[in-house]
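Shown next, in structure tokens, is the structure this report addresses.
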Amino acid sequence: MGDILRGRVAVVTGAGRGIGRGVAMELAAQGAKVVVNDYGVSLDGREPTTGPAFDVVAEIKQAGGDAAPNTDSVATWDGGARIIDQAVQSFGRIDILVTCAGILRDRMIFNMSEEEWDAVLGVHLKGTFNCVRHAAPLMRQQRYGRIITFSSGSGLFGNPGQANYGSAKAAISGLTKVAARDLGQYGVTVNSICPVAATRMTLTPEVIKAREIRKQQGIIREESALRQLENLHPEDVAPMVAFLASDYAANVNGQFFLCAGTSYSLLSLPRPEKTIYKEGRWTLDELDEIVPQTLAEGLVNPAPPRG
Amino acid sequence: MGTRLKDKVAVVTGAGRGIGRAIAMLMAAEGAAVVVNDLGTSVDGTGSDPSAAEEAVAAIKAAGGRAVANYDDVGDFKAAENIIATAMKEFGRIDILVNNAGILRDRTIFHMSEEDFEAVVRVDLKGAFNCCRHASARMREQKGGRIISMSSTSGLYGNAGQANYGAATDGIAGLTRVISRDLGKYGITVNAIAPAAATRMLAAVEVARQARARSDAAGMEAAGRGPLPRPQLDPEDVAPFAVYLASDAAANINGQFFAVMGGTISLLNYPAPVRTITKATRWRVEEIVALFPSTLGMELFNPAPAQTLMRE
Numbered sequence: 095m096g097d098i099l100r101g102r103v104a105v106v107t108g109a110g111r112g113i114g115r116g117v118a119m120e121l122a123a124q125g126a127k128v129v130v131n132d133y134g135v136s137l138d139g140r141e142p143t144t145g146p147a148f149d150v151v152a153e154i155k156q157a158g159g160d161a162a163p164n165t166d167s168v169a170t171w172d173g174g175a176r177i178i179d180q181a182v183q184s185f186g187r188i189d190i191l192v193t194c195a196g197i198l199r200d201r202m203i204f205n206m207s208e209e210e211w212d213a214v215l216g217v218h219l220k221g222t223f224n225c226v227r228h229a230a231p232l233m234r235q236q237r238y239g240r241i242i243t244f245s246s247g248s249g250l251f252g253n254p255g256q257a258n259y260g261s262a263k264a265a266i267s268g269l270t271k272v273a274a275r276d277l278g279q280y281g282v283t284v285n286s287i288c289p290v291a292a293t294r295m296t297l298t299p300e301v302i303k304a305r306e307i308r309k310q311q312g313i314i315r316e317e318s319a320l321r322q323l324e325n326l327h328p329e330d331v332a333p334m335v336a337f338l339a340s341d342y343a344a345n346v347n348g349q350f351f352l353c354a355g356t357s358y359s360l361l362s363l364p365r366p367e368k369t370i371y372k373e374g375r376w377t378l379d380e381l382d383e384i385v386p387q388t389l390a391e392g393l394v395n396p397a398p399p400r401g
Numbered sequence: 003m004g005t006r007l008k009d010k011v012a013v014v015t016g017a018g019r020g021i022g023r024a025i026a027m028l029m030a031a032e033g034a035a036v037v038v039n040d041l042g043t044s045v046d047g048t049g050s051d052p053s054a055a056e057e058a059v060a061a062i063k064a065a066g067g068r069a070v071a072n073y074d075d076v077g078d079f080k081a082a083e084n085i086i087a088t089a090m091k092e093f094g095r096i097d098i099l100v101n102n103a104g105i106l107r108d109r110t111i112f113h114m115s116e117e118d119f120e121a122v123v124r125v126d127l128k129g130a131f132n133c134c135r136h137a138s139a140r141m142r143e144q145k146g147g148r149i150i151s152m153s154s155t156s157g158l159y160g161n162a163g164q165a166n167y168g169a170a171t172d173g174i175a176g177l178t179r180v181i182s183r184d185l186g187k188y189g190i191t192v193n194a195i196a197p198a199a200a201t202r203m204l205a206a207v208e209v210a211r212q213a214r215a216r217s218d219a220a221g222m223e224a225a226g227r228g229p230l231p232r233p234q235l236d237p238e239d240v241a242p243f244a245v246y247l248a249s250d251a252a253a254n255i256n257g258q259f260f261a262v263m264g265g266t267i268s269l270l271n272y273p274a275p276v277r278t279i280t281k282a283t284r285w286r287v288e289e290i291v292a293l294f295p296s297t298l299g300m301e302l303f304n305p306a307p308a309q310t311l312m313r314e
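So the protein sequences, as listed, match chains C and A. Each residue of the first sequence is one higher than the one before, starting from 95 at the first, in our numbering. Each residue of the second sequence is one higher than the one before, starting from 3 at the first, in our numbering.
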């Protein structure tokens with residue numbers, strides 16, 4: 095047991111499984127009291143007394159930590175309010191918010207349904223907003239807070255078939271940057287993790303099958319990073335989150351960290367890479383001449399036309 | 003009249019005013035038939051007024067171009083389908099989609115209402131998705147197309163007070179990167195532009211600028227605020243580059259993000275690891291605490307450092 099989060103109160107959403115569970119366990123092991131949120135009601139709609147959130151709370155308590163379960167959905171405004179209120183009711187305050195809750199509904203853009211878009215945006219983007227929005231006034235009031243959102247390489251780099259997920263995760267990156275500026279002056283930091291790990295969400299039967307096909311076709315090699323996905327344990331992300339949640343990271347704000355297993359990277363923020371400039375408005379003739387040898391020079395089409 | 007977009011059919015959303023109107027005008031001047039979509043709302047998304055789209059269509063026609071008005075709401079999945087169907091019905095195809103419709107409702111995160119968040123994400127982000135979704139099905143059949151979405155530096159750099167708009171516009175960047183990969187093989191390119199121009203939308207920012215001047219005068223800290231828009235930038239400045247991306251000359255530019263501000267046009271970077279620490283086994287938090295300042299944390303810039311003395 096460490097103690098760098100002693101006396102702190104944390105909320106971790108989507109903490110019943112995978113990365114969220116790993117984060118909740120680590121924060122508790124570092125001394126924080128943790129609200130373990132994972133959405134789940136029994137089939138007949140009764141308040142659940144068992145389920146992943148309860149299991150993780152039991153695990154934390156067994157390890158000597160303190161935790162309380164919560165089964166509200168992040169996707170509703172009131173659910174977000176109740177999740178944050180649970181921290182106040184159970185432990186008297188909220189210092190740390192980690193938003194891991196998420197779902198996937200992959201589909202190519204030309205076939206994606208409105209429901210597939212709405213469901214993914216609702217949990218990831220609105221869910222993140224709902225929790226951040228309700229935690230922010232309390233953190234601002236106490237002049238202290240740590241918010242760690244979960245973004246993804248999908249939106250930052252562009253994974254095919256994930257218009258909904260990639261948009262939601264990129265939108266969380268925008269939300270993170272804005273919230274960092276809105277809240278930084280009050281002693282609240284807002285940072286984001288782009289995790290790569292083998293979880294229920296990422297290592298699906300479809301992913302395993304697709305990878306086998308790609309291997310047979312020689313598209314990926316044995317040592318390919320994707321093949322290693324099983325070796326990227328969801329618990330590997332947690333120590334970085336615990337660090338960002340600690341006093342040691344007081345001046346780390348508005349940043350993005352790629353956490354692929356035990357490999358942690360600081361990601362670059364958006365910036366101009368190449369620039370052309372003239373006084374006044376460019377004409378189309380000028381652009382035709384100058385863009386290919388400046389802005390567009392060396393650009394690689396990530397999905398060139400076939401045939 | 004140019005011929006760069008001769009025989010092409012374009013849909014430009016939010017084309018009744020500002021940047022969208024300028025793009026629609028220039029596309030028409032280059033030979034494209036244009037669906038001028040504009041619901042005609044106010045900047046915050048309330049109300050509706052067909053005259054904005056009608057006037058833009060009249061201006062295009064007066065200049066010898068072809069255009070038709072459409073008043074559907076991009077934020078509605080079915081209505082967006084009708085915007086694309088209008089292009090098919092009136093002009094027989096769709097080659098170019100410009101996602102430009104957008105609204106603003108600024109508020110700091112701790113005061114933002116659910117409605118303010120939802121309204122902006124609905125129009126700015128879901129509106130872009132809705133139009134991309136319906137247009138891409140047609141473009142895929144045609145084995146070609148151009149999608150250009152207007153994002154913003156708000157999400158890129160993080161403008162204080164714009165959690166909704168910053169999320170929506172960075173979401174557009176994610177949407178652009180993903181669907182450029184979904185669609186590239188069908189001869190479709192998908193790119194985004196973060197424009198800066200003096201439009202009606204930024205006139206709302208002018209109100210914010212005045213509020214900021216007042217708070218500055220009151221001695222409040224200015225740290226952590228993004229740059230103010232430069233009001234001298236014409237919305238027409240953005241149009242030539244949007245038309246360039248829509249032309250055959252830009253066939254191989256796909257999945258990219260550009261910033262256009264007056265005569266300054268920049269290609270933006272993809273995020274990439276700047277510094278990396280790796281270990282064979284799981285990190286212990288104490289190890290990160292010890293290592294972070296001299297590795298990942300070197301020279302980090304806090305956009306809004308904590309204020310020790312605050313006025314309320």
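Even glycine gets a Cβ: it sits at the ideal position worked out from N, Cα and C. Since this is a predicted model, take the numbers as computed values, not measurements.
inquiry  = Tell me which residue opens and which closes the alpha helix (DSSP H) that A/Leu98 is part of.
reply    = Here residue 98 of chain A is taken as the residue at index 96 of the second sequence, counted from 1. Before going further, note that residue 98 of chain A is Ile rather than Leu in the sequence given. Looking at the DSSP string, A/Ile98 is not in any alpha helix (DSSP H); the run it does join, the beta strand (DSSP E), is Ile98 to Asn101.
task = Indicate the three-state DSSP secondary structure (helix, strand or coil) for A/Ala65 in the structure shown.
result = Translated into positions along the second sequence, residue 65 of chain A becomes position 63. Reduced to three states, the DSSP call for A/Ala65 is coil.
inquiry  = For chain C, check one thing: does any of its Cβ atoms lie closer than 8 Å to the Cβ of A/Asn256?
reply    = On the second sequence, position 254 is the one that residue 256 of chain A refers to. So, interface residue.
message = Within 8 Å of any Cβ in chain C, is that where the Cβ of A/Asn193 sits?
response = Stepping through the second sequence from its first residue, residue 193 of chain A is reached at position 191. Not an interface residue.
inquiry  = Quick check on A/Ala224 - is its C-beta less than 8 Å from some C-beta in chain C?
reply    = Numbered from its first residue, the second sequence carries residue 224 of chain A at position 222. Because the pLDDT at A/Ala224 is just 45, under 50, the model does not fix this residue reliably, and the value given afterwards should be weighed accordingly. No - not a single Cβ of chain C is within 8 Å of the one on A/Ala224.
key: Minimum Cβ-Cβ distance from A/Ile105 to chain C less than 8 Å   = On the second sequence, position 103 is the one that residue 105 of chain A refers to. By this cut-off, A/Ile105 is not an interface position.
query = Under a three-way DSSP split, which group does C/Glu391 fall into?
reply = The residue labelled residue 391 of chain C in the question sits at position 297 within the first sequence. If DSSP states are grouped into helix, strand and coil, C/Glu391 belongs with coil.
task = Could you spell out the range, first to last residue, of the alpha helix (DSSP H) harbouring C/Tyr371?
result = On the first sequence, residue 371 of chain C is found 277 positions in, with the first residue counted as 1. C/Tyr371 -> not in any alpha helix (DSSP H); beta strand (DSSP E) instead, spanning Pro366 to Tyr371.
ask   = Is the CB of A/Asp239 under 8 Å away from at least one CB in chain C?
value = Position 237 of the second sequence, counted from the start, is the residue given in the question as residue 239 of chain A. A/Asp239 counts as touching chain C.
task = Return the residue from the list A/Asn132, A/Met114, A/Glu117 and A/Ile111 that minimises the CA-CA distance to C/Asp212.
result = For the purposes of this step, residue 212 of chain C is taken as the residue at position 118 of the first sequence. Closest by alpha carbon: A/Asn132.
query = To the nearest whole angstrom, what separates the beta carbons of C/Leu360 and C/Phe351, a pair I think is in contact under 8 Å?
reply = Indexing the first sequence from 1 puts residue 360 of chain C at position 266. Indexing the first sequence from 1 puts residue 351 of chain C at position 257. With a Cβ gap of about 6 Å, C/Leu360 and C/Phe351 count as contacting.
message = Quick check on the burial criterion: 16 or more other C-beta atoms within 10 angstroms. Buried or exposed for A/Ser154?
response = In the second sequence, counting from the first residue as 1, residue 154 of chain A sits at position 152. Buried: at least 16 other Cβ atoms inside 10 Å.
query = Between the beta-carbon of C/Val335 and the beta-carbon of C/Ile242, is there less than 8 Å?
reply = The count along the first sequence starts at 1 and reaches residue 335 of chain C at position 241. The count along the first sequence starts at 1 and reaches residue 242 of chain C at position 148. A contact, by the Cβ cut-off of 8 Å.
ask   = Taking C-alpha atoms, which residue in C/Ala109, C/Ala122 and C/Glu153 lies nearest to C/Asp132?
value = For the purposes of this step, residue 132 of chain C is taken as the residue at position 38 of the first sequence. The closest CA to that of C/Asp132, considering only C/Ala109, C/Ala122 and C/Glu153, is found on C/Ala109.
task = Give the straight-line distance between the Cα atoms of A/Asn84 and A/Arg95, rounded to the nearest whole angstrom.
result = The residue given as residue 84 of chain A occupies position 82 in the second sequence. The residue given as residue 95 of chain A occupies position 93 in the second sequence. The alpha-carbon atoms of A/Asn84 and A/Arg95 are separated by roughly 13 Å.
ask   = Of all the residues that make up the stretch 223-245 of chain C, which are near chain D by a beta-carbon distance shorter than 7 Å?
value = Among the chains of the structure shown, chain D does not appear; the protein chains present are C and A.
query = Does A/Phe112 have its Cβ less than 8 Å from a Cβ in chain C?
reply = Your numbering for residue 112 of chain A matches position 110 in the second sequence. At least one chain C Cβ lies under 8 Å of A/Phe112.
query = Does the stretch 25-33 of chain A touch the stretch 108-115 of chain A, meaning 3 or more C-beta pairs lie closer than 8 Å?
reply = no
Uninterrupted beta strand (DSSP E) stretches inside the stretch 48-95 of chain A (no shorter than 3 residues) = 68-72
Interface positions of the stretch 156-168 of chain A facing chain C (Cβ-Cβ less than 9 Å), listed along the chain = Ser156, Gly157, Leu158, Tyr159, Gly160, Asn161, Ala162, Gly163, Gln164, Ala165, Asn166, Tyr167 and Gly168
ask   = With 16 as the cutoff for other CB atoms within 10 Å, does C/Ile307 come out buried or exposed?
value = In the first sequence, the residue the question calls residue 307 of chain C occupies position 213. It counts as exposed.
message = To the nearest angstrom, how far is the alpha carbon of A/Pro305 from that of A/Ser156?
response = Position 303 of the second sequence holds residue 305 of chain A. Position 154 of the second sequence holds residue 156 of chain A. About 14 Å.
request  = Please confirm whether A/Leu41 and A/Ser53 have their CB atoms less than 8 Å apart.
outcome  = In the second sequence, counting from the first residue as 1, residue 41 of chain A sits at position 39. In the second sequence, counting from the first residue as 1, residue 53 of chain A sits at position 51. Contact annotation: A/Leu41 and A/Ser53 have beta-carbon atoms that are not nearer than 8 Å.
ask   = Alpha carbon to alpha carbon, what distance is there between A/Ile105 and C/Asp189?
value = If you number the first sequence from 1, residue 189 of chain C lands on position 95. If you number the second sequence from 1, residue 105 of chain A lands on position 103. Taking the straight line from one Cα to the other gives about 33 Å.
ask   = Looking at chain A, which residues of the stretch 367-378 of chain C have a Cβ within less than 8 Å of any of its Cβ atoms?
value = Glu367, Lys368, Thr369, Ile370, Tyr371, Lys372, Glu373, Gly374, Arg375, Trp376, Thr377 and Leu378
message = Against chain A, with Cβ distances strictly below 8 Å, would C/Lys127 count as a contact?
response = Counted from its first residue, the first sequence places residue 127 of chain C at position 33. Look at C/Lys127: its C-beta is not under 8 Å from any C-beta on chain A.
request  = Determine contact between the stretch 29-46 of chain A and the stretch 384-394 of chain C, defined as no fewer than three beta-carbon pairs at a distance below 8 Å.
outcome  = Result no; under three Cβ-Cβ pairs closer than 8 Å.
ask   = Taking only beta-carbon atoms, is C/Pro333 less than 8 Å away from chain A?
value = Stepping through the first sequence from its first residue, residue 333 of chain C is reached at position 239. Chain A, which has a Cβ nearer than 8 Å to the Cβ of C/Pro333, makes this yes.
request  = Report the neighbours of C/Val192 on chain A: residues whose CB is nearer than 9 Å to its CB, in chain order.
outcome  = Along the first sequence, one-based indexing puts residue 192 of chain C at 98. Chain A residues near C/Val192: none, gap ~14 Å exceeds 9 Å.
Identity of the residues DSSP links to C/Gln349 by a beta bridge = Taking the first residue of the first sequence as position 1, residue 349 of chain C is located at position 255. Bridge partners of C/Gln349: none, in fact.
query = Out of A/Glu288, A/Arg284 and A/Thr266, which has the shortest C-alpha to C-alpha gap to C/Lys372?
reply = Here residue 372 of chain C refers to the residue found at position 278 of the first sequence. Cα-wise, what sits closest to C/Lys372 is A/Thr266.
Nearest-angstrom Cα separation, counted from C/Pro386 out to A/Ala253 = On the second sequence, residue 253 of chain A is found 251 positions in, with the first residue counted as 1. On the first sequence, residue 386 of chain C is found 292 positions in, with the first residue counted as 1. Cα-Cα distance, rounded: 11 Å.
request  = Given a cut-off of 8 Å, decide if A/Thr178 and A/Ser138 are closer than it, judged by their beta-carbon atoms.
outcome  = Residue mapping note: residue 138 of chain A aligns to position 136 of the second sequence, counting from 1. Residue mapping note: residue 178 of chain A aligns to position 176 of the second sequence, counting from 1. Their beta carbons are not under 8 Å apart, which means A/Ser138 does not touch A/Thr178 by this criterion.
ask   = Along the stretch 257-274 of chain C, what residues have a CB closer than 9 Å to any CB found in chain A?
value = Ala257, Asn258, Tyr259, Gly260, Ser261, Ala262, Lys263, Ala264, Ala265, Ile266, Ser267, Gly268, Leu269, Thr270, Lys271, Val272, Ala273 and Ala274
message = Give me the DSSP bridge partner(s) of C/Asp160.
response = Locating residue 160 of chain C in the first sequence gives position 66, counting from the first residue. Partner(s): C/Lys127.
task = Taking a Cβ distance cut-off of 8 Å, strictly less, list which residues of the stretch 147-180 of chain C are near chain A, in chain order.
result = Trp171
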